[in-house]
Amino acid sequence: MQRYFTNELIQENNMITITGEDAHHMIQVMRMSPGDHVYVVSSNNTYTMEIVEGSSKSVLLQVIEMHEHSNEMPIKISIVCGLPKGDKLELITQKATELGMHTLYPFEAKRSIVKWDKQKNEKKLARLQKIAKEAAEQSHRSFIPHIHNPISLTELLEIAKTYDVKFVADEEDAKSTIRKKFAEQLKKVYDKQSILIVFGPEGGLDRSEIQLLKENEFQPISLGPRILRTETAPLYALAAVSYEYE
Numbered sequence: 001m002q003r004y005f006t007n008e009l010i011q012e013n014n015m016i017t018i019t020g021e022d023a024h025h026m027i028q029v030m031r032m033s034p035g036d037h038v039y040v041v042s043s044n045n046t047y048t049m050e051i052v053e054g055s056s057k058s059v060l061l062q063v064i065e066m067h068e069h070s071n072e073m074p075i076k077i078s079i080v081c082g083l084p085k086g087d088k089l090e091l092i093t094q095k096a097t098e099l100g101m102h103t104l105y106p107f108e109a110k111r112s113i114v115k116w117d118k119q120k121n122e123k124k125l126a127r128l129q130k131i132a133k134e135a136a137e138q139s140h141r142s143f144i145p146h147i148h149n150p151i152s153l154t155e156l157l158e159i160a161k162t163y164d165v166k167f168v169a170d171e172e173d174a175k176s177t178i179r180k181k182f183a184e185q186l187k188k189v190y191d192k193q194s195i196l197i198v199f200g201p202e203g204g205l206d207r208s209e210i211q212l213l214k215e216n217e218f219q220p221i222s223l224g225p226r227i228l229r230t231e232t233a234p235l236y237a238l239a240a241v242s243y244e245y246e
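Under UniProt numbering, the first residue of the sequence shown carries the number 1, and numbering increases by one thereafter.
Structure representation (structure tokens):
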């Protein structure tokens, strides 16, 4: 069944109205009609609902069943990604959402070639948030990851204070013959609730950035002996976390 997210609240009569693009998608794209069932996520709860009536502008649905099971990762994983070139951030947003990412922080690293035009930030963020929503619907999640405005290193250090565990992917650690294996580090944090992982842009993180992160309780991690592309590394890490916890 199709899955839709809504900010609307379920009324006392177990009815809800969905409008906008989702209503148009149900009626015009999926050709749904009264009696058809869909999944609807409201306030992070997932319901099976039946279409009562609708048009391309507004669809009225009734709750059939609430689902207790959640497909969310048992630990909150947030990704900090050095601003990459081209549409790589869109790829990271889509695939990381499918893999269970909770939050994405684009990071203005020293070696980031791309600099976001602040006047276009709103449009870019809206595009990324839409990609995250569609990926969350496709992967049957009950939560849409939040995509933040690009942050500075100073802002990153402040945000990191709210996380239980902090990792930074370090190329130099990957090149070492004695690497800090990510799997072994994950086994030590089973009692934690949140993890923040930092990845560099195409040129990697500057050594001064790595040093400052280490001084602020970030643990360096290696994602194997090979150097991964900036769009591959976050997906590798999320898959490793999923394997370990799920």
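Glycine included, C-beta positions come from ideal geometry on N, C-alpha and C. Quick caveat, the model's predicted, so the values are computed rather than measured.
- Residue state for V38 is assigned as strand, using DSSP reduced to three classes.
- According to the DSSP assignment, A169 belongs to the beta strand (DSSP E) that extends over 165 to 169.
- According to DSSP, P225 shares a beta bridge with no other residue.
- Three or more pairs of CB atoms, one per stretch, sit closer than 8 Å, so the segment 182 to 201 contacts the segment 100 to 113.
- About 5 Å separates the Cβ atoms of L196 and K166, confirming a contact at the 8 Å cut-off.
- V241: member of the alpha helix (DSSP H) spanning 233 to 245, first to last residue.
- Straight-line measurement puts the Cα of Y47 at about 10 Å from the Cα of I10.
- Of the candidates V41, R3, N13, the residue whose Cα lies closest to the Cα of M32 is R3.
- A distance below 8 Å between beta-carbons, with the five flanking residues on each side excluded, links K124 to the following residues of its chain, in chain order: W116.
- Taken in chain order, the unbroken stretches of beta strand (DSSP E) that lie wholly in the segment 101 to 159 and span 3 residues or more are 103 to 107.
- Within its own chain, the residues whose Cβ lies closer than 7 Å to the Cβ of L228, once the five positions on either side in sequence are excluded, are Y236, listed in chain order.
- Here M66 is exposed, its C-beta having fewer than 16 other C-beta atoms within 10 Å.
- In this structure E108 does not touch P74 by the C-beta definition: roughly 31 Å separates them, more than the 8 Å allowed.
- Rounded to the nearest angstrom, the gap between the Cα atoms of L213 and E158 is 11 Å.
- Among the bridge pairs identified by DSSP, S78 is matched with T103, L196.
- For G204, there is no enclosing beta strand (DSSP E), since its DSSP letter is neither H nor E.
- Under the three-state reduction of DSSP, G86 is assigned to coil, being neither helix nor strand.
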